[in-house]
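Asks: Here you go, one structure.
Protein chains: 2
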Amino acid sequence: MASTQCLVVLFLITFTSTAFSRSILETSPKTHHSFTFNPISIRRKIPNDCDNWYCDSWRLSVETDNARSWTQIPARCLDFVEEYATCHHYSSDLEVVAKNALEFAKEVNVSIHGKDAWVFDIDETLLSNVGYFQFYGFGHVDVAALFSEWVDLAVDPALSASLVLYKELQKMGFKLILLTGRNESLRNATKKNLFEAGYSNWERLIMRRPPDMNKTVTEFKSEKRRELIYHGFTLHGNCGDQWSDLRGFAVATRSFKLPNPMYYIPL
Amino acid sequence: MASTQCLVVLFLITFTSTAFSRSILETSPKTHHSFTFNPISIRRKIPNDCDNWYCDSWRLSVETDNARSWTQIPARCLDFVEEYATCHHYSSDLEVVAKNALEFAKEVNVSIHGKDAWVFDIDETLLSNVGYFQFYGFGHVDVAALFSEWVDLAVDPALSASLVLYKELQKMGFKLILLTGRNESLRNATKKNLFEAGYSNWERLIMRRPPDMNKTVTEFKSEKRRELIYHGFTLHGNCGDQWSDLRGFAVATRSFKLPNPMYYIPL
Numbered sequence: 008m009a010s011t012q013c014l015v016v017l018f019l020i021t022f023t024s025t026a027f028s029r030s031i032l033e034t035s036p037k038t039h040h041s042f043t044f045n046p047i048s049i050r051r052k053i054p055n056d057c058d059n060w061y062c063d064s065w066r067l068s069v070e071t072d073n074a075r076s077w078t079q080i081p082a083r084c085l086d087f088v089e090e091y092a093t094c095h096h097y098s099s100d101l102e103v104v105a106k107n108a109l110e111f112a113k114e115v116n117v118s119i120h121g122k123d124a125w126v127f128d129i130d131e132t133l134l135s136n137v138g139y140f141q142f143y144g145f146g147h148v149d150v151a152a153l154f155s156e157w158v159d160l161a162v163d164p165a166l167s168a169s170l171v172l173y174k175e176l177q178k179m180g181f182k183l184i185l186l187t188g189r190n191e192s193l194r195n196a197t198k199k200n201l202f203e204a205g206y207s208n209w210e211r212l213i214m215r216r217p218p219d220m221n222k223t224v225t226e227f228k229s230e231k232r233r234e235l236i237y238h239g240f241t242l243h244g245n246c247g248d249q250w251s252d253l254r255g256f257a258v259a260t261r262s263f264k265l266p267n268p269m270y271y272i273p274l
Numbered sequence: 008m009a010s011t012q013c014l015v016v017l018f019l020i021t022f023t024s025t026a027f028s029r030s031i032l033e034t035s036p037k038t039h040h041s042f043t044f045n046p047i048s049i050r051r052k053i054p055n056d057c058d059n060w061y062c063d064s065w066r067l068s069v070e071t072d073n074a075r076s077w078t079q080i081p082a083r084c085l086d087f088v089e090e091y092a093t094c095h096h097y098s099s100d101l102e103v104v105a106k107n108a109l110e111f112a113k114e115v116n117v118s119i120h121g122k123d124a125w126v127f128d129i130d131e132t133l134l135s136n137v138g139y140f141q142f143y144g145f146g147h148v149d150v151a152a153l154f155s156e157w158v159d160l161a162v163d164p165a166l167s168a169s170l171v172l173y174k175e176l177q178k179m180g181f182k183l184i185l186l187t188g189r190n191e192s193l194r195n196a197t198k199k200n201l202f203e204a205g206y207s208n209w210e211r212l213i214m215r216r217p218p219d220m221n222k223t224v225t226e227f228k229s230e231k232r233r234e235l236i237y238h239g240f241t242l243h244g245n246c247g248d249q250w251s252d253l254r255g256f257a258v259a260t261r262s263f264k265l266p267n268p269m270y271y272i273p274l
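Same order as they appear, the protein sequences are chains A and B.
Here this note's numbering = 1-based position in the first sequence + 7.
Here this note's numbering = 1-based position in the second sequence + 7.
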């Protein structure tokens with residue numbers, strides 16, 4: 008489903024990524040080893056129909072959690088995933104998730120007590136790191152090592168469908184809880200990025216602290232959700248791009264799985 | 008992703024459906040009212056790009072259960088779903104699910120005690136009813152009313168990826184449990200159809216009996232899984248096209264969601 012629009016977006020992202028690379032080099036000189044090659048340039052090829060069918064089916068297996076515990080995008084699907092994430096397909100999928108969530112939210116009788124809550128993950132749920140993956144190359148295995156430095160730049164744009172949903176839920180009286188696997192040390196950068204992307208007035212921003220470091224994401228997030236329930240919140244909805252955001256205990260009435268074929272965080 | 012192959016498949020299915028319609032008319036004269044119009048013919052149109060993006064995203068929302076409790080295929084997606092189900096897209100998705108399941112199965116240490124089990128739903132998991140939907144028109148709301156009569160014909164083909172998986176699991180020593188929402192009254196037709204489609208030597212074929220009629224699918228299937236566990240089986244895998252096949256209690260170690268954008272069975 009490539010189009011001229013996609014090529015324009017790819018060009019813009021490549022251009023933007025070059026700017027980001029300068030920022031990273033300026034702020035984090037120790038990361039320069041990652042810039043010795045561009046993994047994207049050595050992978051470019053014309054995908055064939057067979058790859059496209061397989062990759063689309065692989066993507067579905069990721070989103071339904073049939074694939075479970077995958078560690079890398081299959082080599083033949085790197086171009087597919089890049090096109091998915093940088094063109095209309097990803098945003099179209101996100102729009103339908105937001106629509107599903109909003110339809111459910113409208114069924115909730117939000118009380119005046121201010122305890123009706125909705126939980127959001129941050130990365131690939133409220134903010135998009137596509138620029139980061141575009142720069143390092145989708146599927147580049149060492150990419151996670153530099154993620155904290157990227158987050159510190161606070162340059163992620165909002166996922167527009169999520170921003171619209173966020174504001175709608177707020178208008179409806181839901182308390183918005185941001186529950187992220189990002190470390191507490193990234194709180195200032197995270198707040199700055201969220202504000203600049205258009206998010207504000209959340210009820211709580213819950214991040215990983217030292218005692219949480221050895222917990223799985225599912226354990227950490229389940230415990231935090233249980234604490235919220237203990238403090239009187241009713242968790243109506245939960246939006247996350249990873250199954251580990253949504254499973255475990257103290258789950259919300261409805262969980263909404265946002266698409267993410269770029270990386271997998273173990274349960 | 009339409010192609011000449013798709014048109015050939017559509018032609019073949021239309022031809023086959025005409026033959027099926029004769030069979031239905033011959034065996035069930037009371038159903039003739041359903042043949043007074045052909046819902047397919049009045050819906051044909053050339054889908055536009057916007058519809059295709061939306062419908063692909065709608066399909067993802069179904070497969071991740073974000074859509075939950077949907078009752079009808081959106082009108083603009085009827086052609087999309089028909090093309091999905093009758094061309095390569097559906098079979099490609101099914102192949103990847105079977106691959107995921109087999110990869111997991113290979114990690115299981117199957118014991119000699121004959122209690123390592125794998126659960127399969129039947130409709131849209133082992134057998135395909137696409138011919139039925141092709142005949143009545145995808146999304147035709149009254150379609151469920153005639154389903155028992157269709158099942159009685161015992162003409163469903165196997166979903167090939169599932170048949171390969173079924174036989175592989177059997178070779179590996181798993182006991183195969185067929186757990187279906189079909190009524191007990193359809194046992195003979197179901198067995199005949201399964202045999203003719205290539206399935207054999209299952210451990211149990213569990214169907215709905217009168218005491219199960221008022222239960223939800225999730226309740227019925229969870230109770231039956233619990234009984235299997237009580238009888239000493241370890242449920243390693245569970246394959247089903249509906250979330251109601253996979254959720255509830257006494258769930259298998261791994262659940263595999265097969266695609267089905269044709270219909271939804273409530274939890």
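Where is the CB? At the ideal position from N, CA and C, for every residue including glycine.
Taking A259(A) as the reference, give the member of T132(A), V137(A), E114(A) and G244(A) with the closest Cα.
Replies: As a working note, residue 259(A) is residue 252 in the first sequence. Nearest of T132(A), V137(A), E114(A) and G244(A) to A259(A), Cα basis: G244(A).
Asks: Between which residues of its own chain and D248(A) is the CB-CB distance below 8 angstroms, once the five residues before and five after are set aside?
Replies: The count along the first sequence starts at 1 and reaches residue 248(A) at position 241. Counting only Cβ-Cβ distances below 8 angstroms, and skipping sequence neighbours, we find D128, D130, E131, T132, K264, L265, P266 and N267.
Asks: Pull up the DSSP beta-bridge partners for F324(B), would you.
Replies: Nothing can be reported for residue 324(B): it is not among the residues displayed for chain B, which extend from 8 to 274.
Asks: Quick one: give me the first and last residue of the alpha helix (DSSP H) that L212(B) is part of.
Replies: If you number the second sequence from 1, residue 212(B) lands on position 205. Not the alpha helix (DSSP H): L212(B) falls in the beta strand (DSSP E), residues R211 to R215.
Asks: With C-beta atoms as the reference, is H182(B) less than 9 angstroms away from A105(B)?
Replies: Locating residue 182(B) in the second sequence gives position 175, where the first residue counts as 1. Locating residue 105(B) in the second sequence gives position 98, where the first residue counts as 1. In the sequence as displayed, the identity of residue 182(B) is Lys instead of His. For K182(B) and A105(B), no; Cβs fall outside 9 angstroms.
Asks: Closest to N208(B) by C-alpha separation, out of T223(B), R189(B), L176(B) and K222(B), would be which residue?
Replies: Looking up residue 208(B) in the second sequence gives position 201. Nearest C-alpha to N208(B): L176(B).
Asks: Verify the CB distance criterion: does H243(A) have a CB-CB separation below 9 angstroms to chain B?
Replies: Your numbering for residue 243(A) matches position 236 in the first sequence. Not closer than 9 angstroms to any Cβ of chain B, the Cβ of H243(A) fails to qualify, so no.
Asks: Okay, do the segment 86-93 of chain B and the segment 54-63 of chain B touch, 3+ Cβ pairs below 8 angstroms being the bar?
Replies: Yes: at least three Cβ pairs fall under 8 angstroms.
Asks: Verify the CB distance criterion: does F61(A) have a CB-CB separation below 9 angstroms to chain B?
Replies: Stepping through the first sequence from its first residue, residue 61(A) is reached at position 54. As written in the sequence, residue 61(A) is Tyr, which differs from the Phe given in the question. Closer than 9 angstroms: yes.
Asks: Would DSSP call T161(A) helix, strand or coil?
Replies: Translated into positions along the first sequence, residue 161(A) becomes position 154. It should be pointed out that residue 161(A) corresponds to Ala in this sequence rather than to Thr. A161(A): coil per DSSP, three-state reduction.
Asks: Let me see if you follow: with CB-CB separation under 9 angstroms, is V115(B) close to chain A or not?
Replies: Walking along the second sequence from the start, residue 115(B) turns up at place 108. Judged by the 9 angstroms Cβ criterion, V115(B) is not in contact with chain A.
Asks: Counting along the chain, where does the alpha helix (DSSP H) carrying R233(B) start and finish?
Replies: By one-based count along the second sequence, residue 233(B) stands at place 226. Looking at the DSSP string, the run of the alpha helix (DSSP H) that includes R233(B) is V224 to Y237.
Asks: For L134(A) versus N200(A), is the C-beta spacing smaller than 9 angstroms?
Replies: Position 127 of the first sequence holds residue 134(A). Position 193 of the first sequence holds residue 200(A). Against a cut-off of 9 angstroms, the Cβ pair of N200(A) and L134(A) comes out as a contact.
Asks: Using a Cβ-Cβ cut-off of 8 angstroms (strictly less than) and excluding sequence neighbours within five positions of T197(B), which residues of its own chain qualify?
Replies: By 1-based counting over the second sequence, the position of residue 197(B) is 190. So the qualifying residues of the chain are I129, V158, A161, T187, R189, L212 and M214.
Asks: Along the chain, where does the alpha helix (DSSP H) containing F111(B) start, and where does it finish?
Replies: Working through the second sequence from its first residue, we reach residue 111(B) at position 104. First-last of the alpha helix (DSSP H) with F111(B): H95 to A112.
Asks: So, at 6 angstroms on beta carbons, what are the nonlocal neighbours of A168(B) in its own chain, with the 5 sequence-adjacent residues on each side left out?
Replies: Taking the second sequence and counting its residues from 1, one reaches residue 168(B) at position 161. Taken in chain order, the residues that qualify are L101, E102 and A105.
Asks: Rounded to a whole number of angstroms, what is the C-alpha to C-alpha distance between S262(B) and Y173(B)?
Replies: For the purposes of this step, residue 262(B) is taken as the residue at position 255 of the second sequence. For the purposes of this step, residue 173(B) is taken as the residue at position 166 of the second sequence. Distance between the alpha carbons of S262(B) and Y173(B): 15 angstroms.
Asks: Taking the continuous alpha helix (DSSP H) assigned at K174(B), which residues delimit it?
Replies: As a working note, residue 174(B) is residue 167 in the second sequence. Counting along the chain, the alpha helix (DSSP H) containing K174(B) begins and ends at S167 to M179.
Asks: Can you find a C-beta in chain B that's less than 9 angstroms from the C-beta of D58(A)?
Replies: Here residue 58(A) refers to the residue found at position 51 when the first sequence is read from its first residue. Output row for D58(A): interface = no.
Asks: Less than 9 angstroms between CB atoms is the rule here; does L67(A) satisfy it with respect to chain B?
Replies: The count along the first sequence starts at 1 and reaches residue 67(A) at position 60. Answer yes: the Cβ-Cβ gap between L67(A) and chain B drops below 9 angstroms somewhere.
Asks: Which term fits N136(A), buried or exposed, when burial requires 16 or more other beta carbons within 10 angstroms of its beta carbon?
Replies: The residue labelled residue 136(A) in the question sits at position 129 within the first sequence. Flag for N136(A) reads buried.
Asks: Does DSSP classify L279(A) as helix, strand or coil?
Replies: No statement about residue 279(A) is possible, as the shown extent of chain A runs from 8 to 274 and does not include it.
Asks: Bridge partners for K264(A) per DSSP, in chain order?
Replies: Along the first sequence, one-based indexing puts residue 264(A) at 257. According to DSSP, which records beta bridges pairwise, K264(A) is partnered with G247(A).
Asks: Report the three-state DSSP secondary structure of L133(A) (helix, strand or coil).
Replies: Counting from 1 along the first sequence, the entry for residue 133(A) is found at position 126. L133(A): coil per DSSP, three-state reduction.
Asks: Suppose you measure from the CA of G144(A) to the CA of S251(A); what does that come to, to the nearest Å?
Replies: Here the question's residue 144(A) lines up with position 137 in the first sequence. Here the question's residue 251(A) lines up with position 244 in the first sequence. Their backbone Cα atoms lie some 24 angstroms apart in a straight line.
Asks: Taking only beta carbons into account, state which residues of the segment 241-265 of chain A come closer than 8 angstroms to chain B, listed in chain order.
Replies: Under the 8 angstroms Cβ criterion, the segment 241-265 of chain A contributes R261, F263 and K264.
Asks: Determine the direct distance from the alpha carbon of G146(B) to that of S64(A), and round the result to whole angstroms.
Replies: Against the first sequence, residue 64(A) aligns to sequence position 57. Against the second sequence, residue 146(B) aligns to sequence position 139. Cα to Cα, the separation comes out at about 23 angstroms.
Asks: Please classify G138(A): is it buried, with 16 or more other beta-carbons within 10 angstroms of its beta-carbon, or exposed?
Replies: Counting from 1 along the first sequence, the entry for residue 138(A) is found at position 131. When all chains shown are included, G138(A) counts as buried.
Asks: For L153(A) versus I184(A), is the C-beta distance shorter than 9 angstroms?
Replies: As a first step, residue 153(A) must be located in the first sequence, where it is residue number 146. As a first step, residue 184(A) must be located in the first sequence, where it is residue number 177. No, the Cβ-Cβ distance between L153(A) and I184(A) is not below 9 angstroms.
Asks: Does the beta carbon of L108(B) sit closer than 9 angstroms to a beta carbon anywhere in chain A?
Replies: On the second sequence, residue 108(B) is found 101 positions in, with the first residue counted as 1. For the record, residue 108(B) in the displayed sequence is Ala; it is not Leu. Output row for A108(B): interface = yes.
Asks: Can you have a look at E114(B) and say buried or exposed, based on whether 16 or more other CB atoms are within 10 angstroms of its CB?
Replies: Numbered from its first residue, the second sequence carries residue 114(B) at position 107. E114(B) comes out exposed.
Asks: Give a yes or no on whether 9 angstroms exceeds the smallest Cβ distance from Y270(A) to chain B.
Replies: For the purposes of this step, residue 270(A) is taken as the residue at position 263 of the first sequence. Not one chain B Cβ lies under 9 angstroms of Y270(A).
Asks: Hey, G205(A) and L170(A): beta-carbon distance below 9 angstroms or not?
Replies: As a first step, residue 205(A) must be located in the first sequence, where it is residue number 198. As a first step, residue 170(A) must be located in the first sequence, where it is residue number 163. A contact, by the Cβ cut-off of 9 angstroms.
Asks: For chain B, find out if any of its Cβ atoms is closer than 9 angstroms to the Cβ of S99(A); answer yes or no.
Replies: Looking up residue 99(A) in the first sequence gives position 92. Taking Cβ atoms only, chain B reaches closer than 9 angstroms to S99(A), which makes this a yes.
Asks: Could you spell out where the alpha helix (DSSP H) holding L153(B) opens and where it closes?
Replies: To locate residue 153(B), count along the second sequence from 1; it is residue 146. Counting along the chain, L153(B) falls outside any alpha helix (DSSP H), and DSSP gives it neither H nor E.
Asks: Any residues in the segment 220-231 of chain B with a beta carbon nearer than 7 angstroms to a beta carbon of chain A? Which ones, in chain order?
Replies: Residues passing the 7 angstroms Cβ filter: none.
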